[in-house]
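Start counting the sequence shown at 59; every next residue gets the next number (my numbering).
Beta carbons are placed, not taken as given, at the ideal position from N, Cα and C, and that holds for glycine.
See structure below.
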Amino acid sequence: MEKNELKRGIALFSGGLDSILAIKLMERAGFEIIPLFIYTPFISRKFPDEIKEEFEELYGKEFARRVVIHQSGKEYLSLVKNPRFGYGKNLNPCIDCKIFFLRTAASYMDRFKATFLVTGEVLGQRGMSQRKDAILKIERESGLCGKIVRPLSLHYFPETVLEKKGLLDRKMFPAIKGRNRKTQLELAKKLGIARFPQPAGGCLLTDPAFSSRLRVLLMEDLFDIKWINAIKFGRFIVENGIYVVARNNVENSRLMFLSEKYKIPLFVPNFKGPLVVILRGNKEQANKLACRYSRHCSF
Ligand code: SF4
Numbered sequence: 059m060e061k062n063e064l065k066r067g068i069a070l071f072s073g074g075l076d077s078i079l080a081i082k083l084m085e086r087a088g089f090e091i092i093p094l095f096i097y098t099p100f101i102s103r104k105f106p107d108e109i110k111e112e113f114e115e116l117y118g119k120e121f122a123r124r125v126v127i128h129q130s131g132k133e134y135l136s137l138v139k140n141p142r143f144g145y146g147k148n149l150n151p152c153i154d155c156k157i158f159f160l161r162t163a164a165s166y167m168d169r170f171k172a173t174f175l176v177t178g179e180v181l182g183q184r185g186m187s188q189r190k191d192a193i194l195k196i197e198r199e200s201g202l203c204g205k206i207v208r209p210l211s212l213h214y215f216p217e218t219v220l221e222k223k224g225l226l227d228r229k230m231f232p233a234i235k236g237r238n239r240k241t242q243l244e245l246a247k248k249l250g251i252a253r254f255p256q257p258a259g260g261c262l263l264t265d266p267a268f269s270s271r272l273r274v275l276l277m278e279d280l281f282d283i284k285w286i287n288a289i290k291f292g293r294f295i296v297e298n299g300i301y302v303v304a305r306n307n308v309e310n311s312r313l314m315f316l317s318e319k320y321k322i323p324l325f326v327p328n329f330k331g332p333l334v335v336i337l338r339g340n341k342e343q344a345n346k347l348a349c350r351y352s353r354h355c356s357f
């Protein structure tokens with residue numbers, strides 16, 4: 059293996075500050091990094107091409123062009139349905155999900171002749187899945203011991219293969235842990251990262267309201283990609299069936315788009331009012347709901 063192949067890695071890129079910092083720090087240390095964004099239907103209300111546009115706006119065209127987008131499929135849905143290591147506070151199966159992300163990233167290593175992975179993990183930053191024991195368990199379960207570099211918290215983890223080979227010196231990296239983001243913000247300034255999304259938001263599986271919608275899909279055997287996308291918008295109403303009612307014109311267009319993309323039944327009222335997706339139910343009830351939320355209907 060040539061030396062430059064040893065210096066090529068794949069980074070799990072979430073679009074957020076920590077993962078861009080991890081990439082920049084590795085690049086500053088002389089490594090070639092391929093950013094990999096793993097798209098799941100829960101990662102955003104947006105579709106992959108819209109996310110790519112967002113990366114372009116935030117980090118520039120050149121960087122966005124380098125981002126490889128992996129679209130996860132049924133395997134990820136069955137993991138959410140039936141996680142081996144259980145859920146967090148809501149329907150977030152973080153341990154299983156992280157193992158899945160790492161394994162997926164590892165599956166790109168051959169293709170890109172990469173020898174290691176990079177993550178933006180910070181020890182102790184979030185709940186259970188960023189505790190040291192959990193991080194190391196995830197590393198073991200993914201079969202990647204020693205191959206994962208965490209540039210932001212490198213000092214708190216065992217020596218990596220890169221260090222054993224003398225290719226990486228941890229002294230060149232910061233030692234960040236905990237929830238305080240002051241060091242990351244200073245580092246962003248130093249590395250010329252002017253714009254980045256705020257840490258709030260993100261994965262819909264951690265959102266209590268979205269998780270309760272999702273529970274209904276699970277109970278009603280409606281847990282598939284088209285309905286998952288539909289319940290990301292509008293009012294979710296379980297009343298003589300299951301319906302999503304748009305709240306405004308933006309949601310009307312979104313539901314129209316989804317209906318065309320996934321061939322899902324959409325009720326269009328014959329008065330000025332919201333569109334209604336019928337997950338289960340009938341047109342009479344959809345009409346009633348459209349009327350309830352319209353100023354132009356009086357029956
Ligand atoms: S928050 Fe969501 S994307 Fe992140 S590890 Fe948990 S389930 Fe996966």
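Report task. Counting only the same chain and skipping the five closest in sequence on each side, list residues whose C-beta sits under 7 Å from that of Phe329. Result -> Sequence-distant Cβ neighbours of Phe329 in its own chain, meaning closer than 7 Å and more than five residues away, are Ser352, His354 and Cys355.
Query - Residues of its chain near Lys110, where Cβ-Cβ distance is below 8 Å and the 5 sequence neighbours each way are ignored - result: Taken in chain order, the residues that qualify are Ala122, Val125 and Ile127.
Query raised in the report: Apart from the five residues just before and just after Gln242, which ones in its own chain have a Cβ nearer than 7 Å to its Cβ?
Result: Cβ neighbours of Gln242 beyond the five flanking positions: Leu75, Asp76, Leu79 and Ile234.
Report task. Answer yes or no: do Leu337 and Leu275 have a C-beta to C-beta separation smaller than 9 Å? Result -> Yes, the Cβ-Cβ distance between Leu337 and Leu275 is below 9 Å.
Report task. Below 8 Å on the Cβ atoms is my guess for Asn310 versus Leu333; work out the distance and round it to an integer in Å. Result -> Sure, about 5 Å apart at Cβ, within 8 Å.
Query raised in the report: Among Leu116, Ala87 and Arg239, which residue has its Cα nearest to the Cα of Glu221?
Result: It is Ala87 whose Cα lies nearest to the Cα of Glu221.
Query raised in the report: Is the Cβ-Cβ distance between Ser130 and Lys156 less than 9 Å?
Result: Cβ distance not < 9 Å, so Ser130 and Lys156 don't count as in contact.
Query raised in the report: Just to confirm, does Cys261 get its C-beta within under 8 Å of one of the non-hydrogen atoms of the ligand SF4?
Result: Taking the Cβ of Cys261 as the reference point, at least one heavy atom of the ligand SF4 falls within a distance shorter than 8 Å.
Query raised in the report: Do Val176 and Ile91 come within 9 Å of each other at the CB atom, strictly closer than that value?
Result: At the C-beta level, Ile91 and Val176 come within 9 Å of one another.
Requested in this report: Spell out the partners DSSP gives Pro93 in its beta bridges.
Outcome: Bridge partners of Pro93: Ala69.
Query raised in the report: With 16 other CB atoms within 10 Å as the buried threshold, where does Val308 fall?
Result: Only exposed fits Val308, as fewer than 16 other CB atoms lie within 10 angstroms of its CB.
Query raised in the report: Skipping 5 residues on each side, what residues in its chain have a beta carbon closer than 6 Å to that of Asn340?
Result: Cβ within range, chain order: n/a, list empty.
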